[in-house]
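S.K.: So that we are looking at the same thing, I have put the structure below in structure tokens.
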Amino acid sequence: MKLAALALAAVLLPQAPIERRPPPQQVPTIKVETRLVNVAVNVTDAHGAPVPGLTQTDFQISEDSHPQKIAFFEKESTTPLSIVLALDTSESVFNNERLEKEAAKHFVNAILRDQDEFDLMDFSDTVREIVPFTNQKKQIEHGLNNLQPGDETVLYDAIYLASQRLSQTRQDAGRRRVLVLITDGVDTKDTRYEQALEQAQRAGVMIYSLIIVPVEADAGRNTGGEHALIQMSEDTGGKYYYVEDPKNLDAAFAHISDDLRTQYVIGYYAPQGVRHDQSLRKIGVQMNDPALGSKYSLRYRTGYYSDAR
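Numbering (the numbering used here), first residue to last: 24 to 332.
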């Protein structure tokens, strides 16, 4: 009887209303594509010495002659580096293996910090990636003991493939992509300079060229190849150095290390509403104060491709 009363009470208790909600509507999303364009800038005085202590307000930056708002600024750069070291191991260059390896090892030990990554390649008949990106100095030193000599020089292939590899690295704010080449500037495979340069510019790579001069007065010296490499270094905001004796490689590497350590990194967001095509956008950097502009020289990459990563 008691059980029956309980059952009846359960039936008579009012049921809580069941709320029926319409299925959620699909909320449209608005995709806004932004791209931070990083520009590493070297500022030097009349003697070529780096100028420290400048601030964001000292600079102005433009794209296709239109002023842009600076969104990121780092002075005397501590921003991370992704570096490819590519060594020409053709017979015309790779004739003092021990000195070249030792100089490269000193460079790795001087430049590599916790936030950096390093990749080792060599090129002669083909391009080889010996050590993929790593932060481990011992791996790189081991790779330097496994260079492979050859007869030909696929220089522009090396620049193209190294730039392509650098394009796959992280894009955290301020990261700089660097290609360091040791070569005599001669390409013996008739590959295209324009393609190599475009790939470097698409990846935002700064090219530093250590140009080996085997015989300074050699009548057969390919100065055209050297000039092409110099132009490529200048267009990408890098630098070139002539090395007339392998014993001077250490000093040349030290110059590159100093150059990378005294850069300012300026970032701006690519303008919205500009068509997303394959054209090269021109970058301009100036000092805000004309008096400083007349005193100092600025070096930086001159453009980027809007459809590149």
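Ideal Cβ placement from N, Cα and C applies to all residues, glycine included.
Taking the alpha-carbon of Y264 as reference, which of G197, K270 and F276 has the nearest alpha-carbon?
M.R.: Within the sequence shown, residue 264 is the residue found at index 241, counting from 1. Looking at the Cα atoms, F276 is the closest of the given residues.
S.K.: Answer yes if the segment 311-320 comes into contact with the segment 228-237, meaning at least three C-beta pairs across the two stretches below 8 Å, and no otherwise.
M.R.: No: fewer than three Cβ pairs fall under 8 Å.
S.K.: Going by DSSP, name the residue or residues bridged to D145.
M.R.: Here residue 145 refers to the residue found at position 122 of the sequence shown. Paired residue(s): L110 and R151.
S.K.: Where DSSP assigns a beta bridge to Q305, which residues make up the other side?
M.R.: Looking up residue 305 in the sequence shown gives position 282. Reading off the sequence, residue 305 comes out as Lys, not Gln. Answer is G326.
S.K.: Could you work out which residue in E249, K212 and T157 is closest to D180 when comparing CA atoms only?
M.R.: Numbered from 1 along the sequence shown, position 157 holds the residue referred to as residue 180. For D180, the nearest C-alpha among the options comes from K212.
S.K.: Are S280 and I253 touching if we call contact CB-CB under 9 Å?
M.R.: Numbered from 1 along the sequence shown, position 257 holds the residue referred to as residue 280. Numbered from 1 along the sequence shown, position 230 holds the residue referred to as residue 253. Against a cut-off of 9 Å, the Cβ pair of I253 and S280 comes out as no contact.
S.K.: Could you check whether V228 and V201 sit closer than 9 Å to each other, using their CB atoms as the reference points?
M.R.: Residue 201 sits at position 178 when you count from the first residue of the sequence shown. Residue 228 sits at position 205 when you count from the first residue of the sequence shown. Taking 9 Å as the Cβ cut-off, V201 and V228 qualify as a contacting pair.
S.K.: Note down the Cα distance separating D207 from Q222, rounded to an integer number of angstroms.
M.R.: Position 184 of the sequence shown holds residue 207. Position 199 of the sequence shown holds residue 222. Going from the Cα of D207 to the Cα of Q222 covers about 21 Å.
S.K.: Hey, does N271 have any beta-carbon neighbour from chain B nearer than 9 Å?
M.R.: Structure shown: chain B not included; a single protein chain is present.
S.K.: How far does the alpha helix (DSSP H) with H70 in it reach, from first residue to last?
M.R.: Within the sequence shown, residue 70 is the residue found at index 47, counting from 1. Run containing H70: none; DSSP gives neither H nor E here.
S.K.: By how many angstroms is the C-alpha of L122 removed from the C-alpha of P90?
M.R.: The residue given as residue 90 occupies position 67 in the sequence shown. The residue given as residue 122 occupies position 99 in the sequence shown. About 47 Å.
S.K.: Keeping to the same chain, check which residues put their C-beta closer than 7 Å to that of T67; ignore five residues upstream and five downstream.
M.R.: Indexing the sequence shown from 1 puts residue 67 at position 44. Closer than 7 Å at Cβ, skipping near neighbours: P73, V74, Y319 and S320.
S.K.: Just to confirm the assignment, what range does the alpha helix (DSSP H) spanning L167 have?
M.R.: Counted from its first residue, the sequence shown places residue 167 at position 144. Unbroken alpha helix (DSSP H) run through L167: K160 to L167.
S.K.: Does G247 pass the burial test, meaning 16 or more other C-beta atoms within 10 Å, or should it be called exposed?
M.R.: Working through the sequence shown from its first residue, we reach residue 247 at position 224. Looking at its Cβ environment, which holds fewer than 16 other Cβ atoms inside 10 Å, G247 is exposed.
S.K.: Who does P90 pair with in a DSSP beta bridge?
M.R.: Translated into positions along the sequence shown, residue 90 becomes position 67. Partner(s): S85.
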